[in-house]
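**Student:** Attaching a single structure in structure tokens format; questions to follow.
Residue numbers (our numbering): 6 to 454.
Structure follows, in structure tokens:
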């Protein structure tokens, strides 16, 4: 009888797994490992890092991704132990994400190899950024600027959560959705890749890495591929097979939501092209680049995050930034940074100031030139960690861009930062139109001003 029960259970699981695998959502097919993984990980981070209501987080970020499969995945939030478990079929398949102070949430695949006691709490510093109405009124058509803000928050399906504009170091526009404010750490997704490229500049400025030298990436050296450089990886031209479409079944989804050691997984993908010869957007590239940077940041994950804060976040005043690691302790450089809208904008401002904060040179003065130089075969759309050549914007614009339509536009010729963040699928969230409207308001201040 017991054997019959297990036979029936296995058959049911296979049928259910096949149904979920074939279930169509906005992003495509979802199957059990990635479906439960993204549910546990995102619910954990959005609840304990962003401080959002779990039901709202689910409705905004998760349900639209999973489609019909979402109804079959249960979620248990253990607030006392700060962990989230998602399960299918009463726990036949489940995944758990655990929150640690200052380290965010991590999917745990083996609790025997996970130290839940690690922490590095964030100490909030002063935030001197306030809306400068006088500067705004003198430099913008205020009615047009407000209309741009109104528009980017219009249309419920966009789910815009934050929008702001900084001009010449002055905050001139800022708006948030209900339950979100200037201190809320928001998920940047692939805007994290721009952080990786920026921190590479920090290490170059300090003389600690050579991004063009072979043999700098331990996981690639171990995999017998030492010729792939950090520069190749930041430019998405490592040549590895890390096919990425974010449909729940691609290698990138497998890396993010099923793997204990993401760098090792990425390093052992098949080789498709010689390094530097073919552009192919893959998060695994940035994970590998970041893993190389970590070799000079400290011996433990706590030391590495402390270094990241000391050398980049704290000088910029990024007081609400959380960078999450995988279970192996490698920081997730492609996708898992949460920061307030102001924090993301502050990183963009570094590029408007030739890499300086006060008298301190954080990144090389020419680092903007580096990240904005188009990568071969990218059709001039991608540099190193930044997107390029957005229609209707100045040619020197560089963009930090992430999944679900996170956008930070850095426009050096206008000394302008324009940011839009939210949880949008199926459109660009109105972000490029918002940037174009802000630019138009900047270029045509009203006669009343």
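The beta carbon of each residue, even a glycine, is placed where N, CA and C say it ideally should be.
1. Tell me where the alpha helix (DSSP H) around residue 312 begins and ends.
2. Does the segment 351–371 come within contact of the segment 53–73, defined as at least 3 CB pairs closer than 8 Å?
3. Assign residue 334 to one of three DSSP states: helix, strand, or coil.
4. Using the beta-carbon count (16 or more within 10 Å), is residue 85 buried or exposed?
5. What is the rounded straight-line gap between the Cα of residue 149 and the Cα of residue 263?
6. Excluding the 5 residues flanking residue 351 on each side, which residues of the same chain have their C-beta closer than 7 Å to its C-beta?
7. Closer than 8 Å is the cut-off here; do at least three beta carbon pairs connect the segment 97–104 with the segment 37–46?
8. State the Cα-Cα distance for the pair residue 170 and residue 342, rounded to the nearest angstrom.
9. What do you reckon, are the CB atoms on residue 272 and residue 390 nearer than 8 Å?
10. In whole angstroms, what is the alpha-carbon distance linking residue 232 and residue 138?
11. For the candidate residues 330, 153, 73, whose alpha-carbon lies nearest to that of residue 440?
12. Within 10 angstroms of its Cβ, does residue 195 collect 16 or more other Cβ (buried), or is it exposed?
13. So does the segment 235–242 actually touch the segment 284–298, counting three or more Cβ pairs closer than 8 Å?
14. Expressed to the nearest angstrom, what Euclidean distance is found between the alpha-carbon atoms of residue 217 and residue 373?
15. Going by the beta-carbon positions, is the gap between residue 398 and residue 444 smaller than 8 Å?
16. If I follow the unbroken alpha helix (DSSP H) through residue 323, where does it start and stop?
17. Do residue 123 and residue 307 have their CB atoms nearer than 8 Å?
18. Do you know whose CA, among 181, 414, 449, 419, lies nearest residue 438's CA?
19. Contact between the segment 274–287 and the segment 157–177 is defined here as three or more beta-carbon pairs at a separation below 8 Å; is this criterion met?
20. Taking residue 299 as the reference, give the member of 317, 335, 95, 327 with the closest Cα.
21. Report buried or exposed for residue 400, applying the criterion of at least 16 other Cβ atoms within 10 angstroms of its Cβ.
22. Around the Cβ of residue 211, are there at least 16 other Cβ atoms within 10 angstroms (buried) or fewer (exposed)?
23. Around the C-beta of residue 381, are 16 or more other C-beta atoms found within 10 angstroms, so that it is buried, or is it exposed?
24. Identify the continuous alpha helix (DSSP H) that holds residue 262 and give its terminal residues.
25. Taking its Cβ as the centre, do 16 or more other Cβ atoms sit within 10 Å of residue 448, making it buried, or is it exposed?
26. For residue 112, report the span of its beta strand (DSSP E) as first-last.
27. Compute the Euclidean distance between the alpha carbons of residue 290 and residue 205, then round it to the nearest angstrom.
28. Which residue marks the beginning of the beta strand (DSSP E) containing residue 171, and which one marks its end?
29. In whole angstroms, what is the alpha-carbon distance linking residue 330 and residue 108?
30. Does DSSP put residue 26 in a helix, in a strand, or in coil?
31. Determine the direct distance from the alpha carbon of residue 143 to that of residue 106, and round the result to whole angstroms.
32. Taking only the alpha-carbon atoms, compute the straight-line gap between residue 224 and residue 269 and give it to the nearest angstrom.
33. Would you mind reading off the limits of the alpha helix (DSSP H) that contains residue 40?
34. Identify the residues that DSSP records as bridge partners of residue 411: which are they?
35. Let me know the alpha helix (DSSP H) ranges lying completely inside the segment 66–102, each 4 residues or longer, listed in chain order.
36. Please return the same chain residues whose Cβ sits closer than 7 Å to the Cβ of residue 340, not counting the five positions on each side in sequence.
**Tutor:** Reading from the atomic positions:
1. 306–313
2. no
3. coil
4. exposed
5. 46 Å
6. 321, 322, 323
7. yes
8. 21 Å
9. no
10. Each residue's alpha carbon lies about 52 Å from the other.
11. 153
12. So residue 195 ends up on the buried side.
13. yes
14. For residue 217 and residue 373, the distance between alpha carbons rounds to 17 Å.
15. Between residue 398 and residue 444, the gap from beta carbon to beta carbon is short of 8 Å.
16. First-last for residue 323: undefined, no H or E at that position.
17. yes
18. 414
19. no
20. 335
21. exposed
22. Label assigned to residue 211: exposed.
23. Residue 381 comes out exposed.
24. 256–263
25. So residue 448 counts as exposed.
26. 109–113
27. 14 Å
28. 165–172
29. 7 Å
30. Because residue 26 sits at a pLDDT of 46, beneath the cut-off of 50, its placement in the model cannot be relied upon, and the following sentence gives the value as read from the coordinates. Three-state DSSP puts residue 26 in a helix.
31. Those two C-alpha atoms are separated by around 43 Å.
32. 6 Å
33. 37–49
34. The secondary-structure analysis by DSSP pairs residue 411 across a beta bridge with 407.
35. The segment 66–102 is shown to contain whole alpha helix (DSSP H) runs of 4 or more residues at 68–71, in chain order.
36. 194, 195, 197, 261, 288
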